[in-house]
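A short write-up of the structure that comes next.
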Amino acid sequence: MSFDRSKEFVEEGDEVILFLGVSQMYSLEATPTIVNKRGETVDYVFQTSYGALKVATLVGAKYGTKVDLSRGWAYILQPTPDLWTLTLKHRTQIIYTPDISNIVYLMDLEPGSVVIETGTGSGSLSHALIGAIKPHGHLYTFDFHAQRVALATIEFDKHGLAPYVTVQQRDACQDGFGENLKEKVNAVFLDLPHPWLTINHAIKCFRKSGGKLCSFSPCIEQVQKTCDSLATAGFVEIKTYECLQKELTVQYKTVPVLSLECLKNKQTDGKNLKNGREAGGQERLVTVSHAHSLPGHTGYITIATLPPSSMRNC
Ligand SMILES: C[S@@+](CC[C@H](N)C(=O)[O-])C[C@H]1O[C@@H](n2cnc3c(N)ncnc32)[C@H](O)[C@@H]1O
Numbered sequence: 000m001s002f003d004r005s006k007e008f009v010e011e012g013d014e015v016i017l018f019l020g021v022s023q024m025y026s027l028e029a030t031p032t033i034v035n036k037r038g039e040t041v042d043y044v045f046q047t048s049y050g051a052l053k054v055a056t057l058v059g060a061k062y063g064t065k066v067d068l069s070r071g072w073a074y075i076l077q078p079t080p081d082l083w084t085l086t087l088k089h090r091t092q093i094i095y096t097p098d099i100s101n102i103v104y105l106m107d108l109e110p111g112s113v114v115i116e117t118g119t120g121s122g123s124l125s126h127a128l129i130g131a132i133k134p135h136g137h138l139y140t141f142d143f144h145a146q147r148v149a150l151a152t153i154e155f156d157k158h159g160l161a162p163y164v165t166v167q168q169r170d171a172c173q174d175g176f177g178e179n180l181k182e183k184v185n186a187v188f189l190d191l192p193h194p195w196l197t198i199n200h201a202i203k204c205f206r207k208s209g210g211k212l213c214s215f216s217p218c219i220e221q222v223q224k225t226c227d228s229l230a231t232a233g234f235v236e237i238k239t240y241e242c243l244q245k246e247l248t249v250q251y252k253t254v255p256v257l258s259l260e261c262l263k264n265k266q267t268d269g270k271n272l273k274n275g276r277e278a279g280g281q282e283r284l285v286t287v288s289h290a291h292s293l294p295g296h297t298g299y300i301t302i303a304t305l306p307p308s309s310m311r312n313c
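Counting in the working numbering, the final residue of the sequence shown is number 313, and the numbers go up one at a time with none missing.
Here you go:
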């Protein structure tokens, strides 16, 4: 129950984030024992680059405090959807927080929204969608892969999110989303190889007031087909974005400074320009530079609006 409400102390069964650094985080279940590969129940000992953690010691510990590892220490944090995205076990490609934040914003999600998502995949986006729409909203998430549906159901339950989500095994392209969602939802999100095949099914699920459909696709050819189908189906304001992160670092640097006076003298002496620079000395300046490596393409986010039913042509 560690995602649903903020709490002070770790309880047995909580998902806990073990934070060794911004690029070294793990999620683990606070459970004293686990079943090993030979089927034996043994003490749960979690290995890190700073040594081992006896997981039983987490139960009762205060979130945000340090815990001892055999060769160092780490912080224990309560999970949030974005920490979960960074630490979850991948069963599929997942959507990451920079794209997720745009998706949640573009779909106009708020507490109380009712949303369809397909496919569920590893549940990365699902956790953020639930975070945006709870406590009164509901997420209906579909995947045609039985094991992914089963694991997502277990995870939502363990994380205390079961009241806000319904997971169903279903081929959304072939079978749509079911009669029970007819005219029920505010928004539909698609992360599928063939999103355009679900659009006519999705339309039936929107409330009479209309809503937003968002699709995430890695390839531009998928975007072209999706946008074409959206326009044919009566969606308006169809836009596609690519979210590229560009990190800038502001820092002090000591840089050589050119002395014009010195340069002038050296030039008249017939010496080279480099000497003028060296003679100028050094200065400490605040500088801005780009990160050495920048994250590249993830996918294209297409957002479209379905107008209220009274304003639709078909
Ligand atoms: C890239 S993953 C989704 C990842 C997810 N957005 C996340 O952030 O964890 C795509 C998922 O769509 C599912 N899928 C593909 N075609 C489908 C279909 N026609 N109906 C339902 N699910 C489908 C796949 O099984 C896969 O789990």
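The beta carbon of each residue, even a glycine, is placed where N, CA and C say it ideally should be. Only a predicted model underlies this, so the values are computations on that prediction, with no experimental measurement involved.
CB of residue i within 7 Å of CB of residue j, strictly
| i | j | result |
| --- | --- | --- |
| I75 | V21 | no |
| F188 | E116 | yes |
| K183 | V114 | no |
| M106 | C213 | yes |
| I153 | L124 | no |
| L243 | F2 | no |
| P110 | H135 | yes |
| P162 | A127 | no |
| A73 | F18 | yes |
| A230 | K211 | no |
| A151 | T119 | yes |
| S121 | T91 | yes |
| V103 | A60 | no |
Simplified DSSP assignment, three categories, for residue i
| i | result |
| --- | --- |
| M24 | strand |
| G175 | coil |
| L305 | strand |
| P162 | helix |
| A29 | coil |
| K203 | helix |
| P255 | strand |
| D98 | helix |
| D67 | strand |
| D317 | Since the first residue shown for the chain is 0 and the last is 313, residue 317 is missing from the structure and cannot be characterised. |
| D156 | helix |
| R4 | coil |
| A186 | strand |
| A127 | helix |
C-alpha gap between residue i and residue j, whole angstroms
| i | j | result |
| --- | --- | --- |
| T301 | V164 | 24 Å |
| G209 | K238 | 17 Å |
| N179 | V222 | 29 Å |
| Q250 | H289 | 11 Å |
| W195 | F215 | 11 Å |
| P217 | F205 | 25 Å |
| N207 | Y62 | Strictly speaking, residue 207 in this sequence is Lys, with Asn absent from that position. Distance between the alpha carbons of K207 and Y62 is about 45 Å. |
| K181 | G50 | 53 Å |
| L87 | Q77 | 14 Å |
| H144 | S69 | 40 Å |
| V253 | T286 | Reading off the sequence, residue 253 comes out as Thr, not Val. Computed Cα separation, rounded: 10 Å. |
| S308 | F176 | 19 Å |
| I323 | A303 | No answer is possible for residue 323: the residues shown for the chain start at 0 and end at 313. |
| T248 | R37 | 49 Å |
| G71 | T64 | 14 Å |
| L82 | E220 | 32 Å |
Same chain, Cβ closer than 7 Å to residue i, neighbours up to 5 away in sequence not counted
| i | result |
| --- | --- |
| K53 | D42 and V44 |
| Q85 | According to the sequence provided, residue 85 is Leu. The question's Gln does not apply to it. Excluding positions up to five away in sequence, the list reads M24. |
| T56 | V66 |
| A232 | I198, N199 and I202 |
| V34 | T40 |
Residue i: first and last residue of the uninterrupted beta strand (DSSP E) it sits in
| i | result |
| --- | --- |
| H289 | Q281 to H289 |
| L138 | H137 to D142 |
| L379 | Past the edges of the chain, shown from 0 to 313, lies residue 379, and the structure says nothing about it. |
| G12 | Where G12 is concerned, there is no enclosing beta strand (DSSP E), given that its DSSP letter is neither H nor E. |
| S216 | G210 to S216 |
| G50 | G50 to K53 |
Proximal residues to residue i (C-beta, below 8 Å), its chain only, five neighbours per side dropped
| i | result |
| --- | --- |
| G12 | M0, E28, A29, T30 and K157 |
| R4 | G159 |
| E246 | H289, A290 and L293 |
| Q168 | F141, D142, F143, H144, A145 and V148 |
Extent of the continuous alpha helix (DSSP H) to which residue i belongs
| i | result |
| --- | --- |
| Q223 | I219 to T231 |
| G295 | Careful: G295 lies outside any alpha helix (DSSP H) and carries neither H nor E. |
Residues near residue i by beta carbon distance below 6 Å, same chain, minus five either side
| i | result |
| --- | --- |
| L108 | A131 and I132 |
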